[in-house]
Every structure is written in structure tokens, then in C-alpha cells.
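Numbering (UniProt numbering), first residue to last: 1 to 77.
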């Protein structure tokens with residue numbers, strides 16, 4: 001699942017009240033997505049792919065890493 005889809009799901013669930021387990025599940029999904037994007041990014045760089053594709057993928061990685069930080073900074077009540 002894409003990082004933007006995961007962000008949307010996380011935001012929806014956070015509004016309703018997200019459990020620790022669910023936050024961790026989403027965290028792991030985002031972590032896997034970011035890792036896959038990084039592998040793909042390295043491949044694109046190695047093959048001198050179109051810079052716009054590289055930049056687009058880098059944006060996805062940045063968005064995913066921001067979401068990981070948001071999840072890490074959650075406070076339990």
C-alpha cells in the first residue's frame with residue numbers, strides 16, 4: 001500500500017481513536033513501504049533513470065518517513 005494511502009488510513013483511525021496495536025501495524029506497513037521505495041530509488045539512480053521519477057519517489061520516501069515520525073511521537077492516554 002502506498003504511503004499516502006497509509007497516511008489517510010492512519011489519520012482516519014487517529015480521529016476515531018487508534019489503539020497502540022493498530023498504530024504499530026500501520027507503522028510496520030509504512031516502514032516496509034519506505035524500505036521498498038528506497039530499494040527502487042537505488043535502482044533508478046543506478047540506471048540513470050529520469051530525474052522526475054527519482055524526485056517523485058524521493059517525495060514518497062520523505063512523506064513516509066514523516067509519517068513514521070508522527071507515529072513515533074504519539075502519546076498514549
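Glycine is no exception: its CB is placed at the ideal position from the N, C-alpha and C atoms.
For residue i, count the other beta carbons within 10 Å of its own beta carbon; 16 or more makes it buried, fewer makes it exposed. Which is it?
| i | result |
| --- | --- |
| residue 10 | buried |
| residue 64 | buried |
| residue 6 | buried |
| residue 37 | buried |
Is the Cβ-Cβ distance between residue i and residue j less than 8 Å?
| i | j | result |
| --- | --- | --- |
| residue 20 | residue 76 | yes |
| residue 3 | residue 34 | yes |
| residue 54 | residue 46 | no |
| residue 22 | residue 12 | no |
Leaving aside the five residues before and after residue i along the sequence, list all residues of the same chain whose C-beta is less than 7 Å from its C-beta, in chain order.
| i | result |
| --- | --- |
| residue 61 | 34, 37, 38 and 41 |
Quick check: the Cα distance between residue i and residue j, rounded to an integer number of angstroms?
| i | j | result |
| --- | --- | --- |
| residue 24 | residue 1 | 16 Å |
Margin query: Using a Cβ distance threshold of 8 Å, determine whether the segment 56-74 contacts the segment 23-34, with at least three qualifying pairs required.
Written below: yes
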